[in-house]
C-alpha cells in the first residue's frame, strides 16, 4: 500500500512527496485503515485506504464496505498474516517474533534504499519503455500486467 500511496500522491498532486512513510498501514494487525489528505488543484481530497490480511478478514471488510459501514477508496488484500513476509514461500516454523523482525527488516531496507518510489526507479522506467508500451496504463502494459480471474478445476 505504501508504494501505491507514494505513486498516487505525486501523480494526483503533481508535487514531490516529502515524507515517504505511511506508517498507519504498517504492522501485523489483520486490518489497518488510514486517511491520507492530498491537495489536488488547490482542493484537499481525503483518500481512505485499508490493508487487510487473511481472506476471512477480507470478506468481512468487503461486507462492511457493501453495507456502507466503511468508506474506502483503495484496499490491499494479502492472504497471509503480515503479508508475504509470512507467506508459504518463507521459512517454515517462523515464530510471530521472527515474522515481526522480518517485517521490520523490510521497512529498514526500504528506508535505506536509494530509490524508494516506483516512479523514480530507472529499471522500471526502462522496462516500460522497452517492453510495456512506453508508459504505465498503456494498452501493452495493461495487456501484459493484468489478468482475468476465472473458475478452474482443482488440480489433483
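Numbering (my numbering), first residue to last: 961 to 1116.
Think of the CB as a built atom: it goes at the ideal place given N, C-alpha and C, for glycine as much as any other residue.
Since the structure is predicted, the reported quantities are computational estimates derived from the model, not experimental observations.
With residue i as the anchor, note down where its beta strand (DSSP E) starts and where it stops.
i	result
residue 970	Where residue 970 is concerned, there is no enclosing beta strand (DSSP E), although the alpha helix (DSSP H) it sits in stretches over 962-973.
Just grab the DSSP bridge partners of residue i for me.
i	result
residue 1010	993 and 1035
residue 981	DSSP lists no partner for residue 981.
residue 1004	999
Please state whether the Cβ-Cβ distance between residue i and residue j is less than 8 Å.
i	j	result
residue 1007	residue 978	no
residue 988	residue 1037	no
residue 992	residue 985	yes
residue 1005	residue 994	no
residue 1091	residue 1098	no
residue 1063	residue 1045	yes
Would you kindly report the start and end of the unbroken alpha helix (DSSP H) that includes residue i?
i	result
residue 1025	1015-1026
residue 1123	Lying before the first or after the last residue shown, residue 1123 is absent from the chain, which here runs from 961 to 1116.
residue 1058	1056-1072
residue 1104	1099-1105
Say whether chain B places a C-beta atom closer than 8 Å to the C-beta of residue i.
i	result
residue 1110	Among the protein chains of the structure shown there is no chain B, as only one such chain exists.
Going by beta carbon distance, what residues of the same chain come within less than 8 Å of residue i, once the five residues before and after it are set aside?
i	result
residue 963	1077 and 1078
residue 990	1012, 1013, 1014, 1017 and 1041
Residues in its own chain within less than 7 Å of residue i by CB, not counting five upstream and five downstream?
i	result
residue 1094	1088
residue 972	998 and 1000
residue 1113	none
### Message
Taking contact to mean 3 or more Cβ pairs, one atom from each stretch, closer than 8 Å, check whether the segment 1072-1086 and the segment 1046-1060 are in contact.
### Response
With contact defined as three or more Cβ pairs closer than 8 Å, the segment 1072-1086 and the segment 1046-1060 are not in contact.
### Query
Are the segment 1068-1077 and the segment 984-1004 touching by the rule of at least three beta carbon pairs closer than 8 Å?
Look at the beta carbons and you see the segment 1068-1077 not touching the segment 984-1004: under three pairs across the two are nearer than 8 Å.
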